[in-house]
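Chemist: Going by full-length UniProt numbering, 199 is the number at position 199 of the sequence shown; the sequence numbering is gapless. Note that beta-carbon positions come from the ideal geometry of N, C-alpha and C, so glycine has one too. Below you'll find the structure I mean.
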Amino acid sequence: MKEITRRQFIATATLTAGFALVVQPVSGKVVTTDTKGLIAGAVKIPVLDREIPGYRAMPAKGTNFPIILVIQEIFGVHEHIQDVCRRFAKLGYIAIAPELFVRQGDVSKLTSIDEIRPIVAKVPDAQVLSDLDSTLNWAVKSSKGNANRVGITGFCWGGRITWLYAAHNPKIKAGVAWYGRLVSESTELQPKHPIDVVSTLKVPILGLYGGQDTGIPVNTVEQVREKLKSSNSKSQIIIYPNAPHAFFADYRPSYRDSDAKDGWQRLQKWFKKYGV
1 MKEITRRQFI ATATLTAGFA LVVQPVSGKV VTTDTKGLIA GAVKIPVLDR
51 EIPGYRAMPA KGTNFPIILV IQEIFGVHEH IQDVCRRFAK LGYIAIAPEL
101 FVRQGDVSKL TSIDEIRPIV AKVPDAQVLS DLDSTLNWAV KSSKGNANRV
151 GITGFCWGGR ITWLYAAHNP KIKAGVAWYG RLVSESTELQ PKHPIDVVST
201 LKVPILGLYG GQDTGIPVNT VEQVREKLKS SNSKSQIIIY PNAPHAFFAD
251 YRPSYRDSDA KDGWQRLQKW FKKYGV
């Protein structure tokens, strides 16, 4: 992993304000969740070699909250991911989204997806899994989190990480993966993909996928679904036949209201079913 100087890190280690530039202008259907009754905002999370920025939302009153790790899209922890954290907080969770690309660069200021992809490609899975371990520890020690009631959810890039982290940390009670890539070539930085871990996965994962997703072929989703069946896994995959990629992203043209709302309801039931 290429090291960056302290000055470079400080320059990049800030949380995104608003939406990432590449996704603007945002859709008129964007959902905005207020902070009434919440503690919500930017935090600094200590990880193995430094602090990384993140966003945390939690009820203003109470303690021992169940924890949800919210894993970013390729666009970073921008306003949409922050709003998802607030939605969880309104349900009684502490939700934390660590900025997992920060060592490699600030994707929020880039205006082209072609500029973002090379940065994200440099993010090692091992780094991500370690940062999530640290984030979870911090949530328990510093944010009144309940270590015995932990869930994870992620979108797009974060959907893939949801599967992988559930395999990495069996203490996770349940996960929900939104249209995360399942099958790909192995590389030094990304040696495994969800299809490589589902046969032995102990954590129940609910996968939510779009039948019209041009980046994640349905046949790859079906491959994983069959592996789950053959291993008698508790995990399930739902395919929304007419939904494209990013159908939950209310700030983008890809948003599909009915499928997004159905998926959100399924997510809540899934976490409750498995004690999160």
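Give the secondary structure of Val150 by DSSP, where H, G and I count as helix, E and B as strand, and everything else as coil.
Modeler: In the sequence shown, the residue the question calls residue 150 occupies position 150. Val150: strand per DSSP, three-state reduction.
Chemist: The beta strand (DSSP E) with Arg160 in it runs from where to where?
Modeler: Residue numbering aside, residue 160 sits at position 160 when the sequence shown is read from its first letter. First-last for Arg160: Trp157 to His168, but that is the alpha helix (DSSP H), not the beta strand (DSSP E).
Chemist: I'd like to know whether the C-beta atoms of Ile195 and Ile71 end up nearer to each other than 7 Å.
Modeler: The residue you call residue 195 lines up with position 195 of the sequence shown. The residue you call residue 71 lines up with position 71 of the sequence shown. No, these two residues do not count as a Cβ contact at 7 Å.
Chemist: DSSP has Trp264 in a bridge; who is on the other side?
Modeler: Translated into the one-based positions of the sequence shown, residue 264 becomes position 264. Paired residue(s): none; Trp264 is not in a bridge.
Chemist: Could you tell me which residues DSSP pairs with Pro98 in its beta bridges?
Modeler: Translated into positions along the sequence shown, residue 98 becomes position 98. Partner(s): Gly54.
Chemist: Across which residues does DSSP place Tyr209 in a beta bridge pair?
Modeler: For this step, residue 209 is matched to residue 209 along the sequence shown. Beta-bridge pairing links Tyr209 to Ile239.
Chemist: Could you tell me the distance, in whole angstroms, from the CA atom of Ala42 to the CA atom of Arg56?
Modeler: The sequence position of residue 42 within the sequence shown is 42, counting from 1. The sequence position of residue 56 within the sequence shown is 56, counting from 1. About 6 Å.
Chemist: Within 10 angstroms of the Cβ of Ile81, are there 16 or more other Cβ atoms? Answer buried if so, exposed if not.
Modeler: Your numbering for residue 81 matches position 81 in the sequence shown. Ile81 is buried by the Cβ-count criterion.
Chemist: Alpha carbon to alpha carbon, how far is Lys2 from Ser258?
Modeler: Residue mapping note: residue 2 aligns to position 2 of the sequence shown, counting from 1. Residue mapping note: residue 258 aligns to position 258 of the sequence shown, counting from 1. For Lys2, the pLDDT reaches just 37, beneath the cut-off of 50, and the residue's location in the model is therefore unreliable, although a value from the coordinates is still provided. Each residue's alpha carbon lies about 43 Å from the other.
Chemist: Taking the continuous alpha helix (DSSP H) assigned at Pro244, which residues delimit it?
Modeler: For this step, residue 244 is matched to residue 244 along the sequence shown. Taken as a continuous stretch (DSSP letters only), Pro244 belongs to no alpha helix (DSSP H), as it is neither H nor E.
Chemist: Please report the straight-line C-alpha distance between Gln223 and Leu182, rounded to a whole angstrom.
Modeler: Position 223 of the sequence shown, counted from the start, is the residue given in the question as residue 223. Position 182 of the sequence shown, counted from the start, is the residue given in the question as residue 182. Near 9 Å, if we compare the C-alpha coordinates of Leu182 and Gln223.
Chemist: Helix, strand or coil for Ile113, going by three-state DSSP, please let me know.
Modeler: Along the sequence shown, read from residue 1 onward, the residue named residue 113 stands at position 113. The answer is helix: DSSP assigns Ile113 an H, G or I state.
Chemist: For Ile39, which of Leu136, Thr14 and Phe65 has the nearest alpha-carbon?
Modeler: Position 39 of the sequence shown, counted from the start, is the residue given in the question as residue 39. With distances taken between Cα atoms, Ile39 lies closest to Phe65.
Chemist: Tell me the rounded alpha-carbon separation between Gly211 and Asp106.
Modeler: Walking along the sequence shown from the start, residue 211 turns up at place 211. Walking along the sequence shown from the start, residue 106 turns up at place 106. The alpha-carbon atoms of Gly211 and Asp106 are separated by roughly 31 Å.
Chemist: Just mark Asp250 as buried or exposed, buried being the case when its beta carbon has 16 or more other beta carbons within 10 Å.
Modeler: The residue given as residue 250 occupies position 250 in the sequence shown. Per the 10 Å Cβ criterion, buried.
Chemist: Output yes or no for whether 7 Å exceeds the beta carbon distance between Gly76 and Ala126.
Modeler: Translated into the one-based positions of the sequence shown, residue 76 becomes position 76. Translated into the one-based positions of the sequence shown, residue 126 becomes position 126. Contact: no.
Chemist: Report the option in Arg252, Ile94, Thr220 and Ser231 whose CA atom is closest to the CA atom of Lys141.
Modeler: Taking the first residue of the sequence shown as 1, we reach residue 141 at position 141. Selected option, being the one with the closest Cα: Ile94.
Chemist: Please work out which residues of its chain come closer than 8 Å, Cβ to Cβ, to Ser230, disregarding the five sequence neighbours upstream and downstream, and give them in chain order.
Modeler: As a working note, residue 230 is residue 230 in the sequence shown. Within the same chain, Ser230 has close Cβ partners Ser199.
Chemist: How would you call Asp213, buried or exposed, if buried means at least 16 neighbouring beta carbons within 10 angstroms?
Modeler: The sequence position of residue 213 within the sequence shown is 213, counting from 1. Asp213 should be labelled buried.
Chemist: If the criterion is Cβ atoms closer than 7 Å, does the pair Gly175 and Val203 meet it?
Modeler: Taking the sequence shown and counting its residues from 1, one reaches residue 175 at position 175. Taking the sequence shown and counting its residues from 1, one reaches residue 203 at position 203. In contact: Gly175 and Val203 (Cβ atoms closer than 7 Å).
Chemist: Please report the residue range of the alpha helix (DSSP H) in which Phe88 lies.
Modeler: For the purposes of this step, residue 88 is taken as the residue at position 88 of the sequence shown. Glu79 to Lys90 is the extent of the alpha helix (DSSP H) around Phe88.
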